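Reviewing the structure listed below.
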Amino acid sequence: MKYKNIVVLTGAGISAESGLKTFRDNDGLWEHHQVEDVATPEAFKANPDLVYRFYNQRRQQLLDGSVKPNAAHFALARLEQACEGDFLLVTQNVDNLHQTAGSQRVLPMHGELLKARCTRSGLVHLMTASFNAQDRCPCCHPASTLRPHIVWFGEMPLFMDEILAAIARADLFISIGTSGTVYPAAGFVAEASWAGAYTVELNLDASDGLFIEKRQGRATKIVPRFVEELLLPYSQ
Ligand code: APR
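With the UniProt record's numbering applied, the sequence shown has no gaps in its numbers, which climb one by one up to 236 at the end.
Shown next, in the form of structure tokens:
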């Protein structure tokens, strides 16, 4: 393959055909909620029951087998296997579908639905059951509660140092299924351009991002096709 160091950024659009709603394709409504009613620290303080219920339902969707990785997730796992240099998949999604599809180097910068975090110590636990304000962190102070391990609006995304270091070395940056409206992820294409990477967007609707190449279409069609092209012998 022509490219050695690859960074892929994914957003909600890659999981749309797995049956998960995106954030901004439905009049700002997300699973029938305003995002700010369920995805901010203020919302958690004001109405914790609603926030717990919302994330419990979404976690359950992942656990009951109704949501599965699609051809785009699998194509990225294949690309990682074929990459001879450094490969990093940065996802804004919290749905674990890249990991289920077999991707190894995944940094979920907005957290993970299948984890919970102690509100006192910050310790993170695998969580495959529903939980709420009555549940206690298993390893801390007896009064410690758990919150979803999700980066809400107004909170710091995770793994930023690692992500920016990988982008600085990248010769290929691919953005898939994200509207490019939420920073810092929306700024990664600029970082990749400064690093001299070839930048590609694969999305249903072209974003405003300054990519060298933009391809429009459904992720399950255009991602496997793009990966096949990259893996062709002598591909450019
Ligand atoms: N295939 C490819 N792209 C698609 C598909 C599809 N089948 N369906 C939708 N899209 C594209 C849309 O055109 C849109 O540009 O996916 C993008 C989804 O954009 P958003 O809903 O804004 O999702 P995302 O960019 O992941 O949001 C970023 O915002 O609320 C926060 O923390 C949340 O991680 C999320 C962040």
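We put the CB at the ideal spot given by N, CA and C, even for glycine.
Keep in mind that this is a model prediction, so the values were computed, not measured.
According to DSSP, residue pairing for Tyr-198 in a beta bridge involves Leu-172.
His-98 sits in a helix when the DSSP states are folded into three classes.
Taken in chain order, the unbroken stretches of beta strand (DSSP E) that lie wholly in the segment 2-66 and span 3 residues or more are 6-10. A distance below 6 Å between beta-carbons, with the five flanking residues on each side excluded, links Arg-215 to the following residues of its chain, in chain order: Leu-202 and Ile-222.
Taking a contact as a CB-CB distance under 8 Å, the pair Cys-83 and Met-1 counts as one, their CB atoms being some 7 Å apart.
Thr-10 counts as buried, since at least 16 other C-beta atoms from the protein chains shown sit within 10 angstroms of its C-beta. Spanning the alpha carbons of Gln-134 and Ala-195 requires a straight line of approximately 48 Å. According to the DSSP assignment, Phe-74 belongs to the alpha helix (DSSP H) that extends over 71-82. Using a C-beta cut-off of 8 Å, the segment 98-108 makes contact with the segment 67-75, since at least three inter-stretch Cβ pairs fall below that distance. Relative to Gly-209, the option among Glu-191, Arg-225, Lys-4 and Phe-54 whose CA is nearest is Glu-191. Straight-line measurement puts the Cα of Pro-148 at about 11 Å from the Cα of Gly-122. When DSSP states are grouped into helix, strand and coil, Ala-186 belongs to the helix group.
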